[in-house]
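Be aware that the sequence shown starts at 1, since it is given in full-length UniProt numbering, and climbs by one per residue.
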Amino acid sequence: MNELDEALSGYLVTLAAKVLKCSPDNIEWESDVDEYGFESMEVNQYCVDLNKFFSIKLTPVVFLEVNSLQGLSEYLKKHHFNSLETTLL
């Protein structure tokens, strides 16, 4: 895992734990986001926080496409690489 991947995975897991009010240890990187309690309100808040942190315009619909935080990471790297690099590195 490179520096960007490590920083991004850490941020996505930490943010998920914050939004879901649980320990980051309870968040499984490859598991379907539905498995750890993401409902529409949590998905909306997660997107708001991601958009603010990375200065991007992500909609909750992306969660229907990616299913996991690992999938979200790949999506973000593909579509918002420059914002990730600027913010995390």
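C-beta: ideal position from N, C-alpha, C; glycine also.
- One Cα belongs to K77, the other to L4, and the distance between them is close to 9 Å.
- At the C-beta level, V66 and Y75 come within 7 Å of one another.
- Counting C-beta pairs with one atom in each stretch, the stretch 33-48 and the stretch 14-23 have three or more that are closer than 8 Å, which means they touch.
- Residue pairing for S40: DSSP places it in no beta bridge.
- Comparing C-alpha distances from T87 to each of L69, L64, I56 shows the shortest one belongs to I56.
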